[in-house]
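**Q** Take this structure first; my questions come after.
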Amino acid sequence: MSDLSDKAKDFANSDKGEKATDAGLDKAAGAADKATGGGHGDQIDKAEQAADGKIGN
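Those letters in the sequence shown? Residues 1 to 57, by this note's numbering.
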């Protein structure tokens, strides 16, 4: 199981993985913004940036 975890970390740290995680986070942030009617955009942006800092490069 740790081998799979290592592979996931390696992928997230690659250029292709970084693009994929950024796209996923952007999509999630857009969905959250839409669900809240745009009323919490600043908080959603901060959460997206925090998550991006923890994932990938």
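Built from N, CA and C at the ideal position, the CB exists for glycine as well.
(1) Measuring straight from C-alpha to C-alpha, what distance separates Asp6 and Ala31?
(2) Within this structure, are the beta carbons of Asp45 and Leu25 separated by less than 8 Å?
(3) Given Gln43, which residues of its chain have a CB within under 7 Å of its CB, disregarding the five upstream and five downstream residues?
(4) Since I believe Glu48 is in contact with Ala29 (beta carbons under 8 Å), could you give me their beta-carbon distance rounded to a whole number of angstroms?
**A** To lay it out plainly:
(1) 29 Å
(2) no
(3) none
(4) 4 Å
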